[in-house]
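Q: In the UniProt record's numbering, the protein residues as written are 1 to 113.
What follows is the structure, given as structure tokens:
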């Protein structure tokens, strides 16, 4: 089970974000050094991000997302399935509308026969 962000302190949020970055980097088949080179940063800086020991500025978060080929919001969302959904919706208005319709129908009370 994933903890709700509102129940996490700053250090826990940093660690959770770092783990997401590491998980997505590995899923993309990138080493720390390859990812750091894409970002133009030292690999020790990336190690700090992934360990939750270094703060990540919004501009750097966006750069990390782009280097991974994901939407920046996908780095901030748990569980991974939810992040994948957000990533899939980026730039696809038809898919967004379909998901919105499905979610809206889930909230409807059961129809009487």
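No residue lacks a Cβ here, since even glycine has one placed at the ideal position from N, Cα and C.
As the structure is a computational prediction, the values presented were derived from the model and not from experiment.
1) Any idea if residue 3 is buried or exposed, counting beta-carbon neighbours within 10 angstroms, 16 or more meaning buried?
2) Ends of the alpha helix (DSSP H) at residue 12?
3) Kindly give me the distance between the Cβ atoms of residue 53 and residue 43, rounded to whole angstroms, as I take these residues to be in contact under 8 Å.
4) I'd like to know whether the C-beta atoms of residue 39 and residue 63 end up nearer to each other than 8 Å.
5) Taking the alpha carbon of residue 70 as the point to measure from, which residue in 95, 106, 105 and 20 has its own alpha carbon closest?
6) Taking the beta carbon of residue 23 as the centre, do at least 16 other beta carbons fall within 10 Å, making it buried, or is it exposed?
7) How about residue 65 and residue 74: do their beta carbons lie closer than 8 Å?
8) Look at the alpha carbon of residue 12 and the alpha carbon of residue 55, and state the distance between them as a whole number of angstroms.
A: Taking the coordinates as given:
1) The sequence position of residue 3 within the chain shown is 3, counting from 1. For residue 3, the predicted model reports a pLDDT of 49, less than 50, meaning its position is unreliable and no value from the coordinates is stated.
2) As a working note, residue 12 is residue 12 in the chain shown. From DSSP, the alpha helix (DSSP H) with residue 12 extends over 10-27.
3) Reading the chain shown from its first residue, position 53 is the one you call residue 53. Reading the chain shown from its first residue, position 43 is the one you call residue 43. No, residue 53 and residue 43 are not in contact; Cβ-Cβ is about 14 Å, not under 8 Å.
4) Against the chain shown, residue 39 aligns to sequence position 39. Against the chain shown, residue 63 aligns to sequence position 63. Yes. Within cutoff.
5) If you number the chain shown from 1, residue 70 lands on position 70. Minimum Cα distance to residue 70 is reached at 20.
6) By one-based count along the chain shown, residue 23 stands at place 23. So residue 23 ends up on the exposed side.
7) If you number the chain shown from 1, residue 65 lands on position 65. If you number the chain shown from 1, residue 74 lands on position 74. Contact flag set, yes.
8) The residue you call residue 12 lines up with position 12 of the chain shown. The residue you call residue 55 lines up with position 55 of the chain shown. In a straight line, the C-alpha of residue 12 is about 12 Å away from that of residue 55.
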